[in-house]
Structures are given as C-alpha cells and as structure tokens.
Amino acid sequence: MYILLTFILSMLIWVIFSGLLDAFHLTLGVVSSILVSVFSSRILFPNHTSSMGSLAAQSLRFIPYFIWLMKEIIVSNFHVLYLALFPGAMKHVQPSIVKFKLGLKSESARYLLANSITLTPGTVSVQIKGDELWVHSISQKTTESLEGDMEKRVARVFGESLTNS
Amino acid sequence: MIIEIISITMIISGLFFFLGAVAGIIRFPDFYTRMHAAGKGDTLSTVLVIGGIALYYMETHHWEWSAILVALKLLAIIIFIFISSPTSTHILMKAGFDAGIKPKLKENSENNTTSEES
Amino acid sequence: MSAFINLTGVILLIMMLPLIYRVLVGPTAVDRIVATNMIGTKTTVVLLFIGSIYERLEMFVDFALTYALLNFIGSLTISWYFQRKRAQENPGEAVSASIEEVQS
Numbered sequence: 012m013y014i015l016l017t018f019i020l021s022m023l024i025w026v027i028f029s030g031l032l033d034a035f036h037l038t039l040g041v042v043s044s045i046l047v048s049v050f051s052s053r054i055l056f057p058n059h060t061s062s063m064g065s066l067a068a069q070s071l072r073f074i075p076y077f078i079w080l081m082k083e084i085i086v087s088n089f090h091v092l093y094l095a096l097f098p099g100a101m102k103h104v105q106p107s108i109v110k111f112k113l114g115l116k117s118e119s120a121r122y123l124l125a126n127s128i129t130l131t132p133g134t135v136s137v138q139i140k141g142d143e144l145w146v147h148s149i150s151q152k153t154t155e156s157l158e159g160d161m162e163k164r165v166a167r168v169f170g171e172s173l174t175n176s
Numbered sequence: 051m052i053i054e055i056i057s058i059t060m061i062i063s064g065l066f067f068f069l070g071a072v073a074g075i076i077r078f079p080d081f082y083t084r085m086h087a088a089g090k091g092d093t094l095s096t097v098l099v100i101g102g103i104a105l106y107y108m109e110t111h112h113w114e115w116s117a118i119l120v121a122l123k124l125l126a127i128i129i130f131i132f133i134s135s136p137t138s139t140h141i142l143m144k145a146g147f148d149a150g151i152k153p154k155l156k157e158n159s160e161n162n163t164t165s166e167e168s
Numbered sequence: 036m037s038a039f040i041n042l043t044g045v046i047l048l049i050m051m052l053p054l055i056y057r058v059l060v061g062p063t064a065v066d067r068i069v070a071t072n073m074i075g076t077k078t079t080v081v082l083l084f085i086g087s088i089y090e091r092l093e094m095f096v097d098f099a100l101t102y103a104l105l106n107f108i109g110s111l112t113i114s115w116y117f118q119r120k121r122a123q124e125n126p127g128e129a130v131s132a133s134i135e136e137v138q139s
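Protein chains in written order, with this note's numbering: chain A, 12 to 176; chain B, 51 to 168; chain C, 36 to 139.
Here it is in structure tokens:
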C-alpha cells in the first residue's frame, strides 16, 4: 500500500519535472518510479504498520496548521522588519536562551516543531538535547509568547498526546 | 490584469522583506540575532518573489499546459526552499553553537560580563 | 512589465552588496556562511528573473532548482565540517556552562 503511494508520488514528480508526455519518457518514468518505490519507500514512510486512514487524517489536519503557520511567518517578518529598520527599536533586542521540555516523541513531530519555532516571531531553535529543546529568543516579549500552544498544535496534527503538562 | 497586479504586489513585498533581512544581517549585534533575520526574511521573501514570477508567467502565456508545468516546477522550488531554509538556519545555528560562539544575552544579572566579550 | 522585471533584478543585485560586506567583514566564520547562504538563495531568484527577461523561463527553472539544491547541500556540508572539526575540542559544553551561569 505504501509502496503504491510512493510510486504515485514519484511518478507525479517525474511528470512535472520532465514535462514530456510521449511513450518513451513515460516508460522511463514508470520503470524508475517502480525501482524507487520498491527500494526506498521506507525512507519516505518509516512506519509501514500504521493504517492509511491515519496518514490521510494527518494530512488533512496539516492544512489548518499550515494556514496558521503562514500567518505566523508574515507576523514574524514584520517583527524582523520593525527591529531592523525602525530607529530606536534596537533596544528591544534582548536575546536570551530558553530551555523547555519536549512532550513530543516522534522524530517528524519534533522536526515540524523545530522548523515552526524557527519560522514564528522572534524565536529560533538551537538544538535538541535529549528531551530538552533549546530556543534562542530575541526579546523578552517573544520569550513569554513561546510557552503558548504551538506544541499542542503540532501534537494535534500528529495525533499524539503530550506526556508532560 | 488583476493577476498582474497580484504578482507585482507579491514581488514588491518580497523585495521589502528581503530589505528587512539584509538590514537585520548588517545591524543586529551578534551571530545568533543575525540568524533570526536570515532564517525568517529569506524564506518568506524568496517564496513571495518566486510565487509572483509563477503567476506572471502563467498570465502572459494564457494558462497553457506548458506554462502550468513551469509553474508547477516553480512550486517545487518554493516547497523545497520552504523546507530547506529553516533547516539550514537551524543547522548553521547548531554549528555556531558547537564552534563556541558566545551569545550576547540580556542584562539580567551581575556577572554578565562573561557573555559580553567576544 | 519587462522594465519592472529588469528593475527588480537590479534592486536584488544591489541588495546583495551589504551581504557581501558581511561575507568580507563578518567576525566569525559562521557569519560568512550565513551571508553566503542568503546570497545563494537570492541567486536562485535572480536566475528566474534572467529567465523571464530572455523569455526562456522553462529552461532557467531547471537551473534554479539545481542551484537551490546545491546551495542547501553546500551549507549542510560546511556546517557538518564545523561540527566534526570542533568535536574534539568540544567548546559547545563551555558555551552551555556559561549560559547556565548567566541565566541562573
């Protein structure tokens, strides 16, 4: 099942990138997609045991999260613009490094959380050390807003339950 | 016509955010704060400008199949940059951290002189 | 519209100059890498602009995609080199200790 899904995805990418729809190129695409999906579908979907429905549900729940993330990215860009260009805003730059415990377990959820933290206003993730996430935050105000609900949102996307809190 | 206006708006706002990122790279006091400007401004400005180019290209080629194919390739570039830019920001941050660059931290205690040198 | 594309490309190139200043001056090596990475990302955009000026965007799109890939791989490789080279001395621990000292 997952092999078929990988085949469809790689065939789609082949068609987009080659742009030629004659028989020869499509045959090449089918052969290489079959090879890729047989050998390396485990790289794209490491967990073959989970059902297809949960994957579809994850993808559906990702869409509102993505819209929220876009809004946050635009806000954070205006924040950087304000700090960099507005005269006298430089005194708001008071960096600090914050550590907080991760409740998320799976690797991909942690990846999504770290990337989202990098893209949201005033915070950049530095490293994950064991179960601790280190976040560099640019001003006092953004440090306080970090403790909010981002981890809960990521957990909702992946259908995980947070262990701490 | 309306599509052209949208694409011009996207390109100009992308340039505007890129200006913010460049000013941040120049003006921010230390390495870690510069990474803030690089990671955020770079991602959004690139995505906006490439999106504007894609819209403009489709409009001028009258939404033909080949033009939509090129726009899909541009979409692939956008997705790739969207994934790779925060990741490279994070990994460069980690590299700077491991290389022993000390962050400038805010003045909340007496013995902060150790973090101010460097 | 083509004048607008030309102008935007020129503005992008002009805005790369401060980044080149950061590459030349940057106090640490990682600063230079960050500025180089940003220049690379913008070069992707400039390639697309060149493509639409010469009306061969369908060809330049592939160049831009390759350039973005190479840029990402380059920054990954350089930071990997940094982490390996500095792993023997391990000053990251020293930084962690100094941060904990400041924040407590």
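Just so it is clear, CB atoms sit at the ideal spot from N, CA and C, and this is done for glycine as well. All values reported here derive from a predicted model rather than from experimental measurement.
- Judged by DSSP in its simplified three-state form, valine 99 of chain B adopts helix.
- Where threonine 134 of chain A is concerned, the enclosing beta strand (DSSP E) starts and stops at 134–140.
- DSSP lists A/Phe111, A/Ile139 as the bridge partner or partners of leucine 144 of chain A.
- Nearest in C-alpha terms to leucine 94 of chain B, of all of B/Met108, B/Phe81, B/Phe132, B/Arg77, is B/Phe132.
- Pairwise C-beta distances place the segment 33–48 of chain A in contact with the segment 14–24 of chain A, as three or more of them are shorter than 8 Å.
- About 5 Å separates the beta carbons of tryptophan 145 of chain A and glutamine 138 of chain A, which is inside the 8 Å limit, making them a contact pair.
- Exclusion of the five residues before and after alanine 71 of chain B leaves Ala87, Ala88, Lys90, Gly91, Asp92, Ser95 as the residues of its chain whose Cβ lies within less than 8 Å of its Cβ.
- Between isoleucine 27 of chain A and alanine 117 of chain B, the gap from beta carbon to beta carbon reaches 8 Å or more.
- In this structure, phenylalanine 56 of chain A sits away from serine 117 of chain A, with a CB-CB distance that is not shorter than 8 Å.
- Inside the segment 53–123 of chain C, DSSP marks whole alpha helix (DSSP H) runs of 4 or more residues at positions 64–88, 92–121, from first to last along the chain.
- Contacts with chain B at 8 Å (Cβ-Cβ) include phenylalanine 117 of chain C.
- Taken atom to atom, the span from the alpha-carbon of isoleucine 129 of chain B to that of alanine 104 of chain B is near 13 Å.
- Cβ proximity to chain B below 8 Å picks out Asn72, Met73, Thr76, Lys77, Thr79, Val80, Leu83, Phe84, Ser87, Leu92, Glu93, Val96, Asp97, Ala99 from the segment 71–99 of chain C.
- Considering only A/Pro106, A/Lys110, A/Phe111, A/Ser119, the residue with the shortest C-alpha distance to proline 153 of chain B is A/Pro106.
- Contact holds between the segment 96–110 of chain C and the segment 134–147 of chain B, because three or more Cβ pairs, one in each stretch, are under 8 Å apart.
- The Cβ neighbour count for aspartate 142 of chain A, taken over all protein chains shown within 10 Å, is under 16; the residue is labelled exposed.
- Taking one beta carbon from each stretch, the segment 99–108 of chain C and the segment 72–80 of chain C have 3 or more pairs nearer than 8 Å; the two touch.
- Judged by beta-carbon spacing, serine 87 of chain A lies within the 8 Å limit of leucine 130 of chain A, meaning their Cβ atoms are closer than that value.
- Annotated three-state conformation of isoleucine 151 of chain B is coil, per DSSP.
- For threonine 129 of chain A, the enclosing alpha helix (DSSP H) covers residues 118–130.
- Taken in chain order, the members of the segment 82–101 of chain B whose beta-carbon sits within less than 7 Å of a beta-carbon on chain A are Tyr82, Thr83, Met85, His86, Ala87, Gly89, Lys90, Gly91, Thr93, Leu94.
- Note that the segment 140–152 of chain B touches the segment 74–88 of chain B; at least 3 beta-carbon pairs, one per stretch, sit closer than 8 Å.
- At a cut-off of 8 Å between beta-carbon atoms, histidine 140 of chain B makes contact with chain A.
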